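According to the numbering used here, the residues represented by the sequence shown are 133 to 331, in order. The structure appears right after this line, and notes come after that.
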Amino acid sequence: PYVTGGVSAWVRDLVAGLPDVEFAVAHVRDAGAPEATLAYPLPGNVVSLVEVPFDPERESAPAGAVPEAAVYHALLTGPAGSLAAGVARDRGRKLLLTEHGLAWREAPLGSPACIKGSGPAVARGADRREVVERYSRRVLEQARETYAQAAAITTVCSENARLQRTQGASRAVQRVIPNTVPAAEAVSPGPRAPRRIGF
133 PYVTGGVSAW VRDLVAGLPD VEFAVAHVRD AGAPEATLAY PLPGNVVSLV EVPFDPERES
193 APAGAVPEAA VYHALLTGPA GSLAAGVARD RGRKLLLTEH GLAWREAPLG SPACIKGSGP
253 AVARGADRRE VVERYSRRVL EQARETYAQA AAITTVCSEN ARLQRTQGAS RAVQRVIPNT
313 VPAAEAVSPG PRAPRRIGF
């Protein structure tokens, strides 16, 4: 609820669109990070918003800070997915995973957005490549743990689903829900951008 953008907007719409379901939101964030301001007002069916401090050096967050729930839902793999998988397993609950982008595919790119807040800081003089490789291996382990625990996995395209299966996701629990644009908002795409090859 602290940032605007595609994922934030659809999560808010999903929560608001299920008024008969109560939600407790657990925000996994850096321990010691400054307080953030809500970008969206919380829908009336959000009964709590808790901050779960993540320690990037220990690569952990306290499971006890996560509210009790009938079902746990993670929006990605990595530290948040791993935390949700562990809590669901320990409490005997189901885990639902909605994965738009694949964090374990993005982490090796080494972009600061992939590392900041969910991996060890790159100290001055440290070998950045080594830090990124270590972090990438950890994110992949967390993805495998999350896929193994998930009772349902949704993603936006069949290629993501195929890649998830290479890391242990079960086809039986996968569903592809493509991104859509409402007809009223569809516009001519104009000239095509060059196609990006590879990942």
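Even glycine gets a Cβ: it sits at the ideal position worked out from N, Cα and C. As the structure is a computational prediction, the values presented were derived from the model and not from experiment.
Using the rule of at least 16 other Cβ atoms within 10 Å of the residue's Cβ for burial, across every protein chain shown, is residue i buried or exposed?
i      : result
SER165 : Before going further, note that residue 165 is Ala rather than Ser in the sequence given. Exposed: under 16 other Cβ atoms inside 10 Å.
THR287 : buried
SER290 : exposed
Please report the residue range of the beta strand (DSSP E) in which residue i lies.
i      : result
GLU183 : 178-186
ALA206 : 203-206
ALA284 : 284-287
Can you look up residue i in the DSSP assignment and give me helix, strand or coil?
i      : result
SER250 : Since pLDDT at SER250 reaches only 48, below the 50 mark, its modelled position is unreliable, and the value read off the structure follows with that caveat. SER250: coil per DSSP, three-state reduction.
VAL157 : strand
ARG190 : coil
GLU231 : strand
PRO198 : Looking at the sequence itself, residue 198 is Val, so the reference to Pro does not match. Reduced to three states, the DSSP call for VAL198 is coil.
GLN135 : Before going further, note that residue 135 is Val rather than Gln in the sequence given. If DSSP states are grouped into helix, strand and coil, VAL135 belongs with coil.
ARG307 : strand
ASP152 : coil
Measure the beta-carbon distance from residue i to residue j and round it to whole angstroms, keeping in mind my assumption that it falls under 8 Å.
i      : j      : result
GLN299 : LEU272 : 7 Å
VAL184 : ALA197 : 5 Å
ALA212 : VAL182 : Not quite, the Cβ-Cβ distance comes to about 13 Å (not below 8 Å), so this is no contact.
GLU191 : ARG270 : 6 Å
TYR134 : ALA168 : 4 Å
THR230 : GLN274 : Rounded, the Cβ-Cβ distance is 16 Å, inconsistent with contact.
What does the alpha-carbon distance come out to for the pair residue i and residue j?
i      : j      : result
TRP142 : PRO188 : 27 Å
LEU295 : ARG276 : 11 Å
ALA193 : ALA283 : 22 Å
GLY223 : ASN311 : Checking the sequence, you will find Arg at residue 223 rather than Gly. Whole-angstrom Cα-Cα distance: 32 Å.
SER268 : GLU238 : 8 Å
VAL160 : PHE186 : 6 Å
Please list the terminal residues of the continuous alpha helix (DSSP H) segment that includes residue i.
i      : result
GLU262 : 260-281
THR298 : 290-298
LEU215 : 210-223
Within 8 Å (strictly less), CB to CB, does residue i reach chain B?
i      : result
PRO175 : Reference to chain B is not applicable here, since this structure consists of a single protein chain.
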